[in-house]
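Trainee: Have a look at the structure that comes next, please.
Number of protein chains: 2
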Amino acid sequence: MRQGVEWALHSCVNLAWAGGPVPASRLAELYALPAAYLNKQLQSLVRAGLLISVSGPQGGFRLSRSPSTISLLDVVVALEGPEDAFRCTRILRNGPGGDPDLDYRDHCAVSLSMRRAELAWRHELAARSLADIAADVERTNPEAPQRVRDALLPGPS
Amino acid sequence: MRQGVEWALHSCVNLAWAGGPVPASRLAELYALPAAYLNKQLQSLVRAGLLISVSGPQGGFRLSRSPSTISLLDVVVALEGPEDAFRCTRILRNGPGGDPDLDYRDHCAVSLSMRRAELAWRHELAARSLADIAADVERTNPEAPQRVRDALLPGPS
DNA sequence: GTTTTGGTACTCGGATACGTTATGTCCGAGTAAGTGCGG
DNA sequence: CCGCACTTACTCGGACATAACGTATCCGAGTACCAAAAC
Numbered sequence: 012m013r014q015g016v017e018w019a020l021h022s023c024v025n026l027a028w029a030g031g032p033v034p035a036s037r038l039a040e041l042y043a044l045p046a047a048y049l050n051k052q053l054q055s056l057v058r059a060g061l062l063i064s065v066s067g068p069q070g071g072f073r074l075s076r077s078p079s080t081i082s083l084l085d086v087v088v089a090l091e092g093p094e095d096a097f098r099c100t101r102i103l104r105n106g107p108g109g110d111p112d113l114d115y116r117d118h119c120a121v122s123l124s125m126r127r128a129e130l131a132w133r134h135e136l137a138a139r140s141l142a143d144i145a146a147d148v149e150r151t152n153p154e155a156p157q158r159v160r161d162a163l164l165p166g167p168s
Numbered sequence: 012m013r014q015g016v017e018w019a020l021h022s023c024v025n026l027a028w029a030g031g032p033v034p035a036s037r038l039a040e041l042y043a044l045p046a047a048y049l050n051k052q053l054q055s056l057v058r059a060g061l062l063i064s065v066s067g068p069q070g071g072f073r074l075s076r077s078p079s080t081i082s083l084l085d086v087v088v089a090l091e092g093p094e095d096a097f098r099c100t101r102i103l104r105n106g107p108g109g110d111p112d113l114d115y116r117d118h119c120a121v122s123l124s125m126r127r128a129e130l131a132w133r134h135e136l137a138a139r140s141l142a143d144i145a146a147d148v149e150r151t152n153p154e155a156p157q158r159v160r161d162a163l164l165p166g167p168s
């Protein structure tokens, strides 16, 4: 899994606390990340419809909808793509008794088992929203949201 | 996920049917795979203790124990490594209020949620053995085992 | 004082290099079987 | 006829190239704000 997923997840939680638009450069300096690269990742989230980008001064990125309606799976899929990690290349077609016209992604026992496992994975991620994460953090560290907001303001830099 | 995982899984199922040792070259030509590269993958399975390799004529690879005691997870871990796909790099340490001495893999809400999802994935894979896969195939395609055995024999080539 | 107009600084967005990992290939070490010779 | 030693062919095992992808960076397009000038 790509490194950018971790950055994007944390940035999305921070955006949920921020409210208004925040430039990528400010999100990046929160964790000492390469700003230009984080920007690239957030662009993918914009293309997926999770974020809204606004140019110019006072611009940046903001969530496109309520944090409770954005799941971890949404973020992961936006960056990693919709296809499964395990890709069935239908090698059984070349084997003995292989049917060239059969889609082995739906018939190969190996492929089906791997898909079932990934489905369980996606189910867990889909059941957890950005708001859930934020709530967890607020429970164990109530001052975190305010600290993040302070750090994201145009501040003294 | 690596391509070799698919090859290794199918090869292991075929080894379960074969019984005796089968050289990598013969397993490879079953699906028109690059023999040397498949050999490389099987070596990882040997290092993980899933296969036993025997050199010389009539040699090859064979399962080290009963197919019912080898799970899909065993094969995947042998090739992909034991670490999670999502790796928490503890970026919160650099953030505001970050504790340099805290292991954020066990405290960061994002990391915990991702781990929970991967745990569900591993649970599914651990619950499915090579014998289960073989049984599924035999149910839908009873002649497959014999066909594989015939193809794996020293044959006419 | 109000409106307009030009400039300026800031932000995203995509195009461009770099390093690492996955992929693929090759040759040498080791081994068991087969063969020929000697007893 | 039986046993032994040599040769041979076959297999794994790791070291070596190649290609693809993830990572990182930079510069241009667009936009809102601000200031200055004109009315």
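Each protein sequence line maps, in turn, to chains A and B.
So in the numbering used here, spot 134 of the first sequence is number 145, and the numbers just go up one at a time.
So in the numbering used here, spot 14 of the second sequence is number 25, and the numbers just go up one at a time.
Backbone N, C-alpha and C fix where the C-beta goes; we use that ideal spot for every residue, glycine too.
Bear in mind the structure is a predicted one, so any value in this text is a computation, not a measurement.
Taking DSSP as the reference, what is the three-state secondary structure of residue 62/A?
Mentor: Correct three-state label for residue 62/A: strand.
Trainee: In three-state DSSP terms, what is residue 140/B?
Mentor: strand
Trainee: Would residue 189/B pass as an interface residue toward chain A - the criterion being a Cβ-Cβ separation below 7 Å?
Mentor: This structure gives no information on residue 189/B, because the portion of chain B shown stretches from 12 to 168.
Trainee: By Cβ distance, which residues of its chain are closer than 6 Å to residue 56/B, with the 5 residues on each side in sequence left out?
Mentor: 62, 89
Trainee: Whole angstroms are fine: how far does the CA of residue 94/B sit from the CA of residue 12/A?
Mentor: 11 Å
Trainee: Tell me the DSSP secondary structure of residue 44/A in three-state form.
Mentor: coil
Trainee: Less than 7 Å between C-beta atoms, sequence neighbours within five positions excluded: which residues of the same chain meet that for residue 31/B?
Mentor: 73
Trainee: For a test of your reading of the model: does the CB of residue 120/A fall under 6 Å from any non-hydrogen atom of the ligand COA? Yes or no.
Mentor: In the structure on display, the ligand COA does not appear, and there are no ligands present to speak of.
Trainee: I'd like the ranges of any alpha helix (DSSP H) spanning at least 4 consecutive residues and lying wholly in the region 49-115 of chain B.
Mentor: 83-91
Trainee: Specify, as a first and last residue, the run of the alpha helix (DSSP H) that residue 161/A falls within.
Mentor: If you look at residue 161/A, you'll find it in the alpha helix (DSSP H) that goes 155-163.
Trainee: Using CA atoms only, rank isn't needed, just tell me which of 101/B, 20/B, 51/B is closest to residue 121/B.
Mentor: 101/B
Trainee: Please check if any C-beta of chain A sits within less than 7 Å of the C-beta of residue 81/B.
Mentor: no
Trainee: Buried or exposed: which applies to residue 134/A, given that a residue is buried once 16 or more other Cβ atoms fall within 10 Å of its Cβ?
Mentor: It counts as exposed.
Trainee: Return the CA-CA distance between residue 36/B and residue 124/A, expressed in angstroms with no decimal places.
Mentor: The straight-line gap from Cα to Cα measures roughly 26 Å.
Trainee: According to DSSP, simplified to helix, strand and coil, what is residue 167/A?
Mentor: Caution is warranted here: a pLDDT of 45 is assigned to residue 167/A, below 50, making its placement in the model unreliable, and the coordinate value is therefore given only provisionally. Correct three-state label for residue 167/A: coil.
Trainee: List the DSSP bridge partners of residue 33/B.
Mentor: 72/B
Trainee: For residue 83/A and residue 141/A, I'd like the C-alpha separation in whole angstroms.
Mentor: Cα to Cα, residue 83/A sits roughly 7 Å from residue 141/A.
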